[in-house]
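In terms of our numbering, the sequence shown opens at residue 30 and continues consecutively.
Note that the Cβ used here is the ideal one computed from N, Cα and C, for glycine as well.
For clarity, every value in this text was computed on a predicted model and none was experimentally measured.
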Amino acid sequence: MADLHVNDLPEPDVAVLRRRARAAGLPLLGYVRQELLALADRRCADDTVVEFLESEGRELIPEIDTAAIALIEIYDLPAEALRTFGRRAFATGLPLSDYVRQALITSARRSTFDDVMLEFHEAQDRDPNLNLDMESIAASVRYARGE
Numbered sequence: 030m031a032d033l034h035v036n037d038l039p040e041p042d043v044a045v046l047r048r049r050a051r052a053a054g055l056p057l058l059g060y061v062r063q064e065l066l067a068l069a070d071r072r073c074a075d076d077t078v079v080e081f082l083e084s085e086g087r088e089l090i091p092e093i094d095t096a097a098i099a100l101i102e103i104y105d106l107p108a109e110a111l112r113t114f115g116r117r118a119f120a121t122g123l124p125l126s127d128y129v130r131q132a133l134i135t136s137a138r139r140s141t142f143d144d145v146m147l148e149f150h151e152a153q154d155r156d157p158n159l160n161l162d163m164e165s166i167a168a169s170v171r172y173a174r175g176e
């Protein structure tokens, strides 16, 4: 059973989520809720399995463990988001909390251009003596990412 309290995620992932939350001007839990809602709304590969199972007439009832209660108590996720995550969890054979925890970790580990630039800005803020050319860094990051 996975714990869904954000601070119980791996520290590097929590650091990314904290950084994103600061950049969005949100408290960490508010940002994680927003991220969970976006993940529920965004189509993923698991949705194809969900659709197949539903076409076969299967009921997709996930394993609800005690940690999954955090989705309601901590993140106040609406029923539709819970339903989406539940169907995906069932399709992948995972308890709901494990599925959502893995989705958050995966999201945190998919760095964006903004994530990279935020890290450089944080380094600059920690040590103002660093002479970082943010425009050159941004151009290099875009080039490396093929953007």
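Each residue's CA atom was taken as its position, placing residue 35 and residue 123 some 19 Å apart.
Contact fails between the stretch 111-126 and the stretch 139-150, because fewer than three Cβ pairs, one in each stretch, are under 8 Å apart. The distance from the Cβ of residue 106 to that of residue 115 is about 11 Å, inconsistent with a contact at the 8 Å cut-off. The three-state reading of DSSP puts residue 162 in coil, since its state is none of H, G, I, E or B. Taking the CA atoms as reference points, residue 167 sits about 10 Å from residue 173.
For a cut-off of 8 Å, the C-beta gap from residue 176 to residue 142 is around 7 Å, short enough to register as a contact.
Note that the stretch 63-76 touches the stretch 127-138; at least 3 beta-carbon pairs, one per stretch, sit closer than 8 Å. The alpha-carbon separation between residue 144 and residue 43 amounts to approximately 13 Å. Residue 46: member of the alpha helix (DSSP H) spanning 40-53, first to last residue.
In this structure, DSSP gives residue 104 a state outside helix and strand, which the three-state scheme calls coil. Straight-line measurement puts the Cα of residue 110 at about 5 Å from the Cα of residue 69. The beta carbon of residue 58 sits closer than 8 Å to the beta carbons of 35, 103 and 104 from its chain, once the five residues preceding and following it are set aside; these are given in chain order.
Of the residues 53, 137 and 92, the one whose Cα lies closest to the Cα of residue 39 is 137. Residue 90 sits in coil when the DSSP states are folded into three classes, being neither helix nor strand.
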